[in-house]
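Note sheet for the following structure.
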Ligand code: MD3
Ligand code: FE
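In the working numbering, the protein residues as written are 480 to 696.
Below, the structure written as structure tokens:
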């Protein structure tokens, strides 16, 4: 029997895939707790709704973004920054759910980054057609720490480029429950998400949620 796009059963003993030096894809790593992660993300989003941030260049991002944890990533006409408060409410971001922090710690350890304690979790929400253009993540205070990402809901095509914006990106499919760890030589690689294909995911409907755990402070 063939596997469908939404198959939530991990391949038996699927080995971690090394996408590049420092970049490890752990397929299905979060499947066993995906429902708890979705619920926790929904609780965060109820208190700090995803919003479409404006870039310093004046474009409105198609991805809806929010955060939990001590620090949250925000963009505005004045630049990118990590802020302790949600600019929409003026209040601290919702605390990072324990199931988030524990998963990030375990995934990072699996990839050789022991003791990863994220202080920021950016939550990206994609609707069909939404994309994230090629960029680097370089606003974090500790670039020796990895970024851990967790994919939930509709599958996406992840674009993984090189150290230069013009390096042609490789395409990787990310599905519900996939976890990736980006550190070492991959930490400053250009990356993005191709326009999300429409679909109906059993637990998230017509959307994709991505969690990225960072050491920002
Ligand atoms: C490779 N998010 O939030 S996660 C982002 O699926 C972001 O929402 C994408 O890029 C998403 O900044 C991709 C995978 C990812 C995250 C950070 C990286 C890959 C990375 C940092 C360096 C290299
Ligand atoms: Fe990124």
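By construction, the Cβ of each residue, glycine as well, lies at the ideal position given by its N, Cα and C atoms.
Just the Cα atoms here: how many angstroms apart are residue i and residue j?
i           : j           : result
residue 485 : residue 668 : 28 Å
residue 658 : residue 629 : 5 Å
residue 685 : residue 543 : 14 Å
residue 586 : residue 538 : 34 Å
residue 554 : residue 507 : 31 Å
residue 574 : residue 664 : 30 Å
residue 660 : residue 605 : 20 Å
residue 620 : residue 536 : 23 Å
residue 648 : residue 577 : 34 Å
residue 580 : residue 532 : 25 Å
residue 671 : residue 493 : 25 Å
residue 534 : residue 568 : 20 Å
residue 497 : residue 505 : 9 Å
Within 10 angstroms of its Cβ, does residue i collect 16 or more other Cβ (buried), or is it exposed?
i           : result
residue 548 : buried
residue 593 : exposed
residue 694 : buried
residue 428 : This structure leaves residue 428 out entirely; the chain is present only between 480 and 696.
residue 687 : buried
residue 452 : Residue 452 falls outside the range modelled here, since the chain spans only 480 to 696, and no answer is possible.
Report the residue from the options whose alpha carbon sits nearest the alpha carbon of residue i.
i           : options            : result
residue 682 : 510, 505, 493      : 510
residue 529 : 660, 541, 666      : 541
residue 610 : 638, 557, 591      : 638
residue 526 : 606, 512, 570      : 570
residue 691 : 599, 523, 561, 678 : 599
residue 653 : 612, 675, 520      : 675
residue 582 : 515, 499, 662      : 515
residue 689 : 588, 546, 572, 502 : 546
Should residue i be counted as a contact of ligand 1 given a C-beta to heavy atom distance under 8 Å?
i           : result
residue 691 : yes
residue 623 : no
residue 538 : no
residue 564 : no
residue 666 : yes
residue 682 : no
residue 533 : no
residue 554 : no
residue 595 : no
residue 630 : yes
residue 601 : yes
residue 520 : no
residue 653 : yes
residue 584 : no
residue 637 : yes
Is the beta carbon of residue i within less than 8 Å of some heavy atom of ligand 3?
i           : result
residue 546 : Only ligand 1 and ligand 2 can be found as ligands here, which leaves ligand 3 out of the picture.
I want to see whether chain C comes within less than 9 Å of residue i, judged by CB atoms only; does it?
i           : result
residue 546 : Reference to chain C is not applicable here, since this structure consists of a single protein chain.
### Message
Strictly closer than 6 Å from CB to any heavy atom of ligand 2: give me those residues in the order they appear in the chain.
### Response
614, 616, 670
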